[in-house]
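Protein chains in written order, with my numbering: chain F, 1 to 430; chain L, 1001 to 1170. Report on the following structure.
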Amino acid sequence: MKLTDIQSRVKSTFFKEHQQKLYQSLEDKHTTIEEMDDGDPLTTKMVLNMGPQHPATHGVLRLVLQLNGESIEKTKVDIGYLHRGVEKIAENKTYQEFMPYTDRMDYLSPYSNNVALCIAVEKISGVEVPERAHYIRMIGCELARISSHLLWLGTMVMDAGAISFFIWTFKEREKVYDIMDRLAGHRFTVSHSRIGGVANDITDEAMGAIKEFIETFPNELKDYHKLLDRNRIFIDRNEAVGVLKTEDAIRFGATGPVLRATGFAMDTRRFNPYARYSEVEFEVPTRLEGDNLARYFVRMEEMSESIRIIRQCLDKLPKGPVRTDNAKQAYPSKDEVYYSMEGMIHDFMMTDTGICPPDGAETYSAVESPKGELGYYIQSDGTGHPWRLKINAPSFTNLQILENMLDGEMLADTVVIIGGMDPVLGEADK
Amino acid sequence: MSLELSEPLQRVVDALSEKFSKEVIEVYQSTGITFIRVEADSIVEICYFMKDELEYIYLSDLFGIDRYTSEERFEVVYNMISFKEGSRVFLKVRCEEENPEVDSVYEVWPSASWNEREVYDMFGIHFRNHPDLRRIFMPEDFRYFPLRKEFPLLGIPGSIELPGTTPDTE
């Protein structure tokens, strides 16, 4: 089967040039591999398009796989089906206005994204955040991590063949959503963090729900371990599948649990502590194997570390304000807005112009989101809008490895490997 | 402006300005982060030096900036990490508005591949010796570079072919 053949057979109706170049680049990849040709009477070789509308691709990821029978010879990944141009949008919004867009980047852990943006803006404009707000942010981030890892766990196990497990993890995710509802007022896209602090203090209801969750969740986690750790089918599907060596992980720029599963204890919470992560104790779980099973163990341990961090945060939670009391830097509290003239003017000013970092200032700050290092680079031109805002998205970084990792694997393992990478296309496509 | 460099960063700046005294244009800091601007022509050489001699083995990010209305309009930023030193350095190169071209650092860090494609897609900066320089987010048929400042926020009507609204039409 020659390339010209594929082109004439698929008869692409949209973006003809795009499709043509994609197939061409698949053809060009590893030029050493000999051409698919006439010595293939049983036609075991074929090009398979997987996605973008495929339930196992976790969104709109498209893979173009060149198969030889059941094994994958080479792969090309096509992304961009969810591209909304958030970086362009950011250049036309104030910093606070941009926050809801970050919710929709990695929509499985919106809280981490909000915090990442806020920390970057606070760094560039020198805003001090009250102690209590730091701890509330940490609690939120760790809950988001648990929620994101639970979705990964459910879908990954479902990709491996066990449907009912998905419902179990969703039962727990529901509890996290309820906490978010009570904490932030929204279940899904929370936008709870504010520049200079958080929107509101933890309510008693939310506090009760969090305390209950950290009591009950470890037991659930124990059940998951009991079901999966020694499960013959699960291990067979995951062990030695999608192996990534440490040096390859660094060369190809893996991040987050994917990097840690190859034995490299890189965690932004340790590497460059933000919020108050330097004051809590936690382990950075690592594994040496670099396969899908290792990623499973790393993420499972991360969840129990998250519970440990939340416990410490609740113990240490200091009293005090949750947002900086400087009208030039942060929104005033609603009490002030409703009952004083200055408060209302300040609120209006914050909404209209927002915070203005100094002209020419540049900053980069990263947080450890559930998927890996999530960094925001901001360059300011002295106005309320960023001149350039670049999001270093962990899913984008990790998806790149997929092109190299899938080569030589079995077709049936593709879905498990994608599940193990845990990409979120909202973030990868920006 | 005086620099307040931490020990590992001081070593990097010293080593670079010794080995590449002509190529290092400026070193500056903003909000505690160190940026080193170098000549675009020797970026690959410098990156090899950073990776092999100074242990900056991990490329965390690579992105473009449009300095609209300034001389040497486009800027490419390399964000790299040394795990050994626990530090992060930003290298910057600039290129001209007409036919912007920079050497690809794919051979130094293969992780640069997609990031360079993204910069090409968004700013139209061409990377020499990149193995597979295609657009990454926009379709190949798209003729504009969206993150350039002159590209309108609302997009350009008719620039992307869209499917019909009724499912039956072919």
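The beta carbon of each residue, even a glycine, is placed where N, CA and C say it ideally should be. In this text the structure is predicted, and so the values were computed from the model without any measurement.
Under a 10 Å Cβ-count criterion, methionine 341/F is classified as exposed, with fewer than 16 other Cβ atoms of the shown protein chains found around its own Cβ. In the displayed model, methionine 46/F falls within a strand according to three-state DSSP.
Counting only runs that start and end inside the stretch 311 to 371 of chain F, the alpha helix (DSSP H) elements of at least 4 residues fall at 334 to 339 and 341 to 352.
Contact of methionine 266/F with chain L by beta-carbon distance below 7 Å involves Phe1083. Closest option to isoleucine 1160/L, judged by alpha-carbon separation, among Tyr1144/L, Glu1150/L, Arg1148/L and Thr1031/L: Tyr1144/L. Residues of chain L whose Cβ lies closer than 8 Å to the Cβ of serine 12/F do not exist; the shortest such Cβ separation is about 11 Å.
The residue among Lys45/F, Val280/F, Tyr364/F and Asp359/F with its C-alpha nearest the C-alpha of phenylalanine 1063/L is Tyr364/F. Beyond the five residues adjoining it in sequence on each side, valine 129/F comes within less than 7 Å, by CB distance, of Glu122, Gly196, Gly197 and Thr324 in the same chain, given in chain order.
Following the DSSP letters along the chain, one finds tryptophan 1109/L in no beta strand (DSSP E), marked with neither H nor E.
Linking valine 157/F to arginine 308/F through their CA atoms gives a straight-line distance of about 25 Å. Listed along the chain, the chain F residues whose CB falls inside 7 Å of the CB of glycine 1086/L are Phe271.
With a threshold of 8 Å between beta carbons, tyrosine 364/F makes contact with chain L. For the 8 Å CB-CB criterion, arginine 187/F and threonine 203/F do not form a contact. Membership of proline 218/F in the alpha helix (DSSP H) is indicated by the continuous run 204 to 228. Per DSSP, reduced to three states, the secondary structure at glutamate 1071/L is coil, with no helix or strand assignment. One finds Trp1109, Pro1110 and Ser1111 in chain L with Cβ atoms closer than 7 Å to the Cβ of arginine 251/F, taken in chain order. Chain order gives no chain L residues near glutamine 53/F, where near means a beta carbon separation below 7 Å; the closest approach is about 13 Å. Boundaries of the beta strand (DSSP E) around phenylalanine 1035/L: 1033 to 1038. Leaving aside the five residues that flank tyrosine 107/F on each side, the residues in its chain whose CB is nearer than 6 Å to its CB run, in chain order, Gly426. For a cut-off of 8 Å, the C-beta gap from serine 380/F to alanine 361/F is around 5 Å, short enough to register as a contact. DSSP, reduced to helix, strand and coil, places leucine 65/F within a strand of the structure shown. Only exposed fits glutamate 1101/L, as fewer than 16 other CB atoms lie within 10 angstroms of its CB. Cβ-Cβ distances below 6 Å link asparagine 1079/L to Ser1060, Asp1061 and Phe1090 in the same chain, with the five nearest sequence neighbours on each side left out; the list follows chain order. For the stretch 1126 to 1146 of chain L, residues whose beta-carbon sits nearer than 7 Å to a beta-carbon of chain F comprise Asp1132, Arg1134, Ile1136, Phe1137, Met1138, Pro1139, Glu1140, Asp1141 and Pro1146. Straight across, the Cα-Cα distance linking methionine 266/F with threonine 1069/L is about 40 Å. Separation of the CB atoms of asparagine 113/F and serine 369/F is rounded to 7 Å, and the pair is thereby assigned contact status at 8 Å. Excluding residues up to 5 positions away in sequence, Tyr274, Ser365 and Val367 lie with their Cβ nearer than 7 Å to the Cβ of isoleucine 119/F in the same chain. Chain F has no Cβ within less than 8 Å of the Cβ of glutamate 1045/L.
When DSSP reads this structure, threonine 75/F sits in a beta bridge with Leu65/F.
Proline 318/F places its beta carbon 8 Å or farther from that of histidine 58/F. Within chain F, the residues whose beta carbon sits less than 8 Å from that of glutamate 1161/L are Phe14 and Phe15, listed in sequence order. For serine 1030/L, the chain F residues whose Cβ falls inside 7 Å of its Cβ are Ala361, Glu362 and Thr363, in order along the chain. About 14 Å separates the beta carbons of valine 1027/L and leucine 1054/L, which is beyond the 8 Å limit, so they are not a contact pair. Interface residue (Cβ-Cβ distance to chain F less than 8 Å): tyrosine 1056/L is not classified as such. The continuous beta strand (DSSP E) containing arginine 1094/L extends over residues 1087 to 1095. Listed by position along chain F, the residues whose Cβ is nearer than 7 Å to that of leucine 1059/L are Gly253.
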